Structures are given as C-alpha cells and as structure tokens.
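Numbering (our numbering), first residue to last: 4 to 229.
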C-alpha cells in the first residue's frame with residue numbers, strides 16, 4: 004500500500020517569494036498591532052514594550068537573510084549629519100505646532116519589579132536599532148517603491164518619483180504624534196536613500212536621531228518625547 008507523502012514544508016525564503024512584501028510589512032505590522040493591543044492587557048508598560056521590541060527584533064532576524072542585500076554597511080557622514088539635523092528640528096519645533104495625540108514613557112514609573120537600567124536599555128535598543136530598521140524597510144524600501152509599481156521589487160531601491168517621495172514622507176510624518184518634524188524626517192531620510200541607493204544611509208540617520216533623542220530624554224526627563 005503506497006503512502007501519501009506529506010506536503011513539502013516551505014522555508015521563510017519560499018514564503019517571501021510568494022509574498023515578496025512580507026519581510027517589509029510583517030515587522031512594522033506586528034509592532035503597530037502590539038502597540039495598540041498591549042496597553043489593553045493587564046501587564047505593565049515596561050513588560051509590554053519589552054515584549055513588543057523583542058518580538059519585532061525576532062521577526063527582523065528571521066527575515067534578515069532576505070533583506071541584507073539592500074543594507075550595505077558603509078560609513079556615511081552625510082547620514083550622521085542628517086540624523087543630527089533631524090534631532091535638532093525634532094526638539095526645536097516643540098510647542099510650535101499642534102500635535103496629534105500624546106505619548107509618554109517614564110522608565111522610572113513603569114519599571115515595577117524590573118531593573119530601571121534594564122528598561123532604559125530595552126527602550127534605547129528599540130528606539131535606536133529596532134525602530135529604524137523596521138520603519139526604513141517598510142516606508143523607504145517598500146512603500147516608496149510600491150507607490151511607483153505594485154511589483155515593487157522591479158523598482159530600483161532609491162529610484163526617485165515625486166509622487167512616491169512626497170506621499171511616503173507625509174504618511175511617515177503622520178505616523179507620529181509630532182507629525183511636522185516627522186514629515187521633515189521623512190523627507191531627509193528619503194533624500195538620503197535616493198542619493199545613496201543604499202538603505203543603510205536612512206537607517207543610520209534614523210538611528211542617530213533616535214539615539215540622540217533618547218539621550219536627550221534621559222538627561223532632561225522630558226518623557227513625552229518617548
């Protein structure tokens with residue numbers, strides 16, 4: 004009697020071939036869903052942020068083999084300067100425009116049984132590593148190309164289109180409570196990608212911005228920036 008062979012299992016790379024958007028959308032989507040759902044659960048904010056950050060980091064790690072060709076590690080002083088500039092704008096525009104909503108993360112208030120330095124480390128890791136990676140993959144690599152052609156993989160990374168560039172920058176800005184500096188950041192990060200054709204440049208700039216913002220928050224205790 005013949006045995007029926009089980010269906011072949013699919014690897015992550017096979018799945019991403021069927022759904023090429025998945026490596027770009029999944030980390031961002033999971034982060035966004037957890038941002039909405041975790042505050043509704045009976046867990047502390049520190050535990051929730053840790054779970055959200057590590058879950059997203061794990062998804063990025065799973066998809067990393069499919070993404071690394073777009074992220075060529077190379078020093079880019081323009082990206083560092085741009086990241087510093089966005090940080091200055093982010094702080095400098097405070098109080099000069101109406102914000103959308105409000106958020107705050109005080110590690111001393113949410114630490115609970117956790118060590119405060121541990122919560123701060125996780126927050127900095129999330130803000131300076133996880134968020135730049137997943138946001139730049141989603142906005143600059145996926146959305147900006149998808150707006151040019153639905154078969155976005157056929158669009159060269161960093162190809163300029165006024166329509167795609169502006170829509171992506173504005174949408175990126177309104178993802179944040181501080182939408183005005185968010186739009187400016189979207190323009191700067193998008194311009195870096197169009198210049199370098201290397202996703203590492205906007206990721207580096209984004210990392211510099213968020214790291215400086217984290218240091219600023221810890222020094223001034225203006226937790227609303229977190």
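Glycine is no exception: its CB is placed at the ideal position from the N, C-alpha and C atoms.
If you're wondering where the values come from, they're calculated on a predicted model, not measured in any experiment.
DSSP on residue i, reduced to helix/strand/coil?
i	result
residue 186	helix
residue 151	coil
residue 47	coil
residue 78	coil
residue 192	helix
residue 225	coil
residue 98	coil
residue 142	helix
residue 57	helix
residue 202	coil
residue 175	helix
residue 164	coil
residue 71	helix
residue 22	coil
residue 220	helix
residue 135	helix
residue 158	coil
residue 209	helix
Rounded to a whole number of angstroms, what is the C-alpha to C-alpha distance between residue i and residue j?
i	j	result
residue 160	residue 196	8 Å
residue 41	residue 126	16 Å
residue 182	residue 214	19 Å
residue 53	residue 113	11 Å
residue 92	residue 84	12 Å
residue 18	residue 24	10 Å
residue 132	residue 140	12 Å
residue 2	residue 28	The shown model of the chain, from 4 to 229, leaves out residue 2, and the question about it has no answer.
residue 103	residue 118	32 Å
residue 199	residue 82	10 Å
residue 68	residue 128	21 Å
residue 225	residue 169	31 Å
residue 64	residue 158	24 Å
residue 223	residue 32	32 Å
residue 188	residue 90	9 Å
residue 124	residue 218	11 Å
Apart from the five residues just before and just after residue i, which ones in its own chain have a Cβ nearer than 6 Å to its Cβ?
i	result
residue 146	171
residue 4	For residue 4, the predicted structure reports a pLDDT of 48, less than 50, and the residue's modelled location is therefore unreliable. A value from the coordinates is still provided. Nothing listed; no residue qualifies.
residue 51	41
residue 122	49, 110, 114
residue 151	158, 164, 167
residue 86	208, 211, 212
residue 107	226, 227
On the criterion of 16 or more Cβ atoms from any shown chain inside 10 Å, does residue i qualify as buried, or is it exposed?
i	result
residue 143	buried
residue 204	buried
residue 30	buried
residue 134	buried
residue 192	buried
residue 232	Residue 232 lies beyond the stretch modelled for the chain, which goes from 4 to 229, so this question has no answer here.
residue 98	exposed
residue 194	buried
Residues in its own chain within less than 8 Å of residue i by CB, not counting five upstream and five downstream?
i	result
residue 95	none
residue 185	175, 176, 177, 178, 179
Take residue i and list the residues in its own chain whose beta-carbon comes closer than 7 Å to its own, dropping the five residues that flank it on each side.
i	result
residue 34	55, 59, 137
residue 201	75, 77
residue 71	none
residue 149	155
Secondary structure, alpha helix (DSSP H): runs of 4+ residues fully inside the stretch 102-128: 110-113, 119-128
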